[in-house]
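Worksheet: the structure to be examined is printed underneath.
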Amino acid sequence: MTPYEKLGSLPAADGFLKPGITFEQLDAVAHAATDLEAAQEVQRARKALFRLVAKALNPAA
Numbered sequence: 639m640t641p642y643e644k645l646g647s648l649p650a651a652d653g654f655l656k657p658g659i660t661f662e663q664l665d666a667v668a669h670a671a672t673d674l675e676a677a678q679e680v681q682r683a684r685k686a687l688f689r690l691v692a693k694a695l696n697p698a699a
């Protein structure tokens, strides 16, 4: 069971969410991509971040 699944299984779990946020909304986000797609997106974002940091640290390169 993932932490998200555990949260959803708790009694009155809706009370732990921010006002205006529902489990239906969270489920839509959670199921929008497969685990592989999400991991690939994280890797793309990480590479882009490291390129920005490297450029900021060495602007002459």
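Each number in my numbering corresponds to the 1-based position in the sequence shown with 638 added.
We put the CB at the ideal spot given by N, CA and C, even for glycine.
On a predicted model such as this, the values are computed, not experimentally measured, just so you know.
Assuming residue i contacts residue j under a Cβ cut-off of 8 Å, what Cβ separation, rounded to an integer in Å, is found between them?
i: F661; j: D652; result: 7 Å
i: L645; j: F654; result: 6 Å
Can you tell me where the alpha helix (DSSP H) with residue i in it begins and where it stops?
i: L655; result: It is not in any alpha helix (DSSP H) - L655 carries neither H nor E in the DSSP assignment.
i: A683; result: 673 to 695
Consult DSSP for residue i and reduce its assignment to one of helix, strand or coil.
i: L648; result: coil
i: A698; result: coil
i: A666; result: helix
Given a cut-off of 8 Å on the beta-carbon distance, is the pair residue i and residue j in contact?
i: A586; j: Y642; result: Nothing about residue 586 can be reported from this structure: the residues present for the chain run from 639 to 699 only.
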